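In what follows, a structure is listed as structure tokens, so that the remarks can point back to it.
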Amino acid sequence: MVQADDLVEYGYRRVIITITAVLCALLEIVDTTIVNVALTNMRGSLGATLTDVAWVITAYAIANVIVIPMTSWLSQQFGRRNYFAFSIILFTVASFLCGNATNIWELVAFRFIQGLGGGALLVTAQTIITESYPAAKRGMAQAIYGMGVIVGPTLGPPLGGYIVDHFSWPFIFYINIPIGIVATILTLSFVRSPKYGEKLKANQVDWWGIFFLASFIGSLQFVLEHGQQDDWFNDNLILILSVVSLFGLLAFVWRELSYKFPIVNLSVLKDGNLRIGILMSFILGFGLYGSTLIIPIYTQSILGWTATDAGLLLIPGSITTAFMMPFIGKMIQRGIPQGYMVGLGFVIFFLFTFLMRDAMTPDTGEEHFFWPLILRGIGMGLLFVPITTLSLSTLKGKNIGEGAAFTGMMRQLGGSFGIAIITTFITRYTQKHRVDLLAHLDGSRIEVQQRVLMLQKGFMSKGFSANEALKKAYQVLDYSVLKQSTVLSYMDIFMSLGVLFLFCVPIIFLIKKGQNKINPAEAGH
2 MVQADDLVEY GYRRVIITIT AVLCALLEIV DTTIVNVALT NMRGSLGATL TDVAWVITAY
62 AIANVIVIPM TSWLSQQFGR RNYFAFSIIL FTVASFLCGN ATNIWELVAF RFIQGLGGGA
122 LLVTAQTIIT ESYPAAKRGM AQAIYGMGVI VGPTLGPPLG GYIVDHFSWP FIFYINIPIG
182 IVATILTLSF VRSPKYGEKL KANQVDWWGI FFLASFIGSL QFVLEHGQQD DWFNDNLILI
242 LSVVSLFGLL AFVWRELSYK FPIVNLSVLK DGNLRIGILM SFILGFGLYG STLIIPIYTQ
302 SILGWTATDA GLLLIPGSIT TAFMMPFIGK MIQRGIPQGY MVGLGFVIFF LFTFLMRDAM
362 TPDTGEEHFF WPLILRGIGM GLLFVPITTL SLSTLKGKNI GEGAAFTGMM RQLGGSFGIA
422 IITTFITRYT QKHRVDLLAH LDGSRIEVQQ RVLMLQKGFM SKGFSANEAL KKAYQVLDYS
482 VLKQSTVLSY MDIFMSLGVL FLFCVPIIFL IKKGQNKINP AEAGH
């Protein structure tokens, strides 16, 4: 084992470590979204209901957010290299088991295990990359890591769609196996562990901390995933788990502040820039996962696109982000304040939502999405790297891993909150707009009568009786009202998302001057 300050790598070793870490981060993030397009096929072959199959996503997300805050502590207990390699092996074996699941609850159990391995990959990969580069080049390190994190959610749906269309759903898990094997070999060969203090004995382990953390995060994640479909606080289970989550949080904070060997080091939050970075990571997750959810749903349910086409639509924006990452890394190295970039990123993301709102109609073409999604890619690039670098810029040693765990957890929770709030508001806004539109469909108006008559004649020409044709004419009218009200609800969502990002611009003035640039004097560390 080596000192944390001596973990900086050079030459081919740094290249291999970077590739390994990005590959693992990509594995974990692609697996978060790749399943979405295969749910219908899983339901068919495993004989599950829609509510049951939703657990395939929920179980993975809950395991993810439980393990992320604990990764820094687990790395210190078992050595970072060993823990990272174990997480890859756990993820790979669970992927094989998921593909071989014979019923829905087996699949859910294996997805939970896969999530425990996957959550560790994300944060540990970020810490390994950060520590492998000298302090002056950490902006570039985060840029390289950011490629995997930003491109991952976008790659999932088209890749999943292609595999499901051409093979069968178990292959979305099997493709992880060869990558996992290669990543394990490279990790054991090249990744080094920093030297930590003594390991804790079994009776010193913060078991209560683990229990409170799991009850707080696990319950919160369940409430966010299932709140809308279970009608939020009108459902007893949602109400009980909300209370469990609140008390879990309070008990967890009390335990960590009072116990000698806490599982999560809350004292790292004394760092002002990390606190601002955590808040911004939450908002970034909200926008990243929220917009990744809305666009495929809109194109599939309103425009009638296939899952693969809906996924492919997001790729040019992701390529834009990946292309920008090295340039943003260089800008940070040259000392351009991260705060300015984050502020510009928030403004550009607002412009993206504004253009998307204008582009939305019941028959929008692919060409109308191109430039708004390129803008989204630019905005994400300007947000991800500066926020992550800023969060970790004033931390040293094992605090880097602890800080990365907080930003990772808040980005995931931001995504969960974003998805929960957006799905709720889509339902509520659609109902509101439907009521408003129906108020204008007055049967005594001549335009409405003519439209119904025209539709009725159309159905009668196909052999329906006058009564059947009239009934079908009203169904068509009702469907077009529903479609229009759904489009209006998506427009409202994009506007709300844009306003949220615009309100975040003033946060950049809270960044401490002189701390938003990494000191080149620390390059030797």
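Following the working numbering from start to finish, the sequence shown increments by one per residue and tops out at 526. Don't be surprised by glycine CBs; every beta carbon is placed ideally from N, CA and C. The model shown is predicted, which means the values in this text are computed figures rather than measured ones.
Less than 6 Å between the CB of residue i and some heavy atom of the ligand GTP, yes or no?
i: L511; result: With respect to the ligand GTP, the structure shown offers nothing to examine, as it has no ligands at all.
Compute the beta-carbon to beta-carbon distance between residue i and residue j, rounded to the nearest angstrom, for a pair I have assumed lies under 8 Å.
i: I284; j: G378; result: Contact flag wrong, Cβ pair sits at about 17 Å.
i: L478; j: R452; result: 7 Å
i: V23; j: V36; result: 21 Å between Cβ atoms; not a contact.
i: V54; j: L160; result: Rounded, the Cβ-Cβ distance is 19 Å, inconsistent with contact.
i: M536; j: P154; result: With the chain represented from 2 up to 526, any question about residue 536 goes unanswered, as that position is not in the structure.
i: Q1; j: A136; result: In this structure the chain extends from 2 to 526, so residue 1 is not present and cannot be described.
i: G336; j: V265; result: Wrong, their Cβ atoms sit about 33 Å apart, outside the cutoff.
i: H140; j: G330; result: The sequence shown places Gly at residue 140, rather than the His named in the question. The Cβ separation is near 5 Å, so the contact holds.
i: M43; j: W170; result: 6 Å
i: L123; j: A26; result: 6 Å
i: G286; j: P158; result: Actually they are not in contact, since the Cβ atoms of G286 and P158 sit about 18 Å apart, beyond 8 Å.
i: S486; j: R435; result: 4 Å
i: F111; j: L98; result: 4 Å
i: T188; j: T41; result: That belief does not hold up - the Cβ atoms of T188 and T41 are roughly 36 Å apart, past 8 Å.
i: V152; j: S319; result: 5 Å
Is residue j closer than 7 Å to residue i when the C-beta atoms are compared?
i: F351; j: G116; result: no
i: F370; j: L314; result: yes
i: E226; j: T34; result: no
i: I178; j: I164; result: no
i: Q339; j: T390; result: yes
i: S190; j: R15; result: no
i: F213; j: F168; result: no
i: P363; j: V488; result: yes
i: I67; j: I295; result: no
i: M492; j: M361; result: yes
i: G162; j: T309; result: yes
DSSP three-state call for residue i: helix, strand or coil?
i: P527; result: Shown here, the chain extends from 2 to 526; a query on residue 527 therefore has no answer.
i: L511; result: helix
i: P195; result: strand
i: D479; result: helix
i: V36; result: coil
i: S394; result: coil
i: E367; result: coil
i: L489; result: helix
i: C25; result: helix
i: S462; result: coil
i: S265; result: According to the sequence provided, residue 265 is Val. The question's Ser does not apply to it. V265 falls in the coil class under three-state DSSP.
i: A524; result: Caution applies to A524, whose pLDDT of 29 falls short of 50 and renders its modelled position unreliable; the model cannot decide the point.
i: D437; result: helix
i: R412; result: helix
i: I145; result: helix
i: C99; result: helix
i: N400; result: helix
i: N65; result: helix
Which same chain residues end up closer than 7 Å to residue i when comparing Cβ atoms and leaving out the 5 residues on each side of it in sequence?
i: I508; result: I277, L280, M281
i: F353; result: P373, L376, R377, G380
i: N65; result: G116, G119, G120, Q413
i: T50; result: none
i: N400; result: V269
i: T128; result: I401, G402, A405
i: M461; result: A467, A470
i: L511; result: I277
i: I18; result: E10, I129, S133, F191, V192
Enumerate in chain order the residues of its own chain whose CB-to-CB distance from residue i is below 6 Å, with the five nearest sequence positions on each side excluded.
i: L275; result: S392, G404
i: V506; result: G344, F347
i: S243; result: V224
i: Q457; result: A470, L471, A474
i: S194; result: M2, G80, R81, R82
i: A421; result: L225, G228
i: S216; result: V245, G249
i: W74; result: I264
i: Y84; result: L75, S76
i: T72; result: A121, V124, T125, A406
For residue i, collect the residues of the same chain with a Cβ closer than 8 Å to its Cβ; drop the 5 residues on either side in sequence, then sort them by chain order.
i: A62; result: T33, G116, Q222, E226, Q413, S417
i: M148; result: V23, T322, A323, M326
i: L240; result: F234
i: I388; result: G278, M281, S282, L285, Q339, V343, T408
i: Y175; result: S96, F97, G100
*Is it true that the segment 255–270 meets the segment 380–389, where meeting means three or more beta-carbon pairs spaced less than 8 Å apart?*
no
*asked:* For the structure I just gave you, are there three or more beta carbon pairs, one from the segment 141–151 and one from the segment 425–437, closer than 8 Å?
replied: no
*Are the segment 427–442 and the segment 75–94 in contact at 8 Å, needing three or more beta carbon pairs?*
no
*Hey, is the segment 487–504 in contact with the segment 353–365, meaning 3+ C-beta pairs nearer than 8 Å?*
yes
*Count the CB pairs spanning the segment 384–391 and the segment 332–351 that are closer than 8 Å, and state whether there are at least three.*
yes
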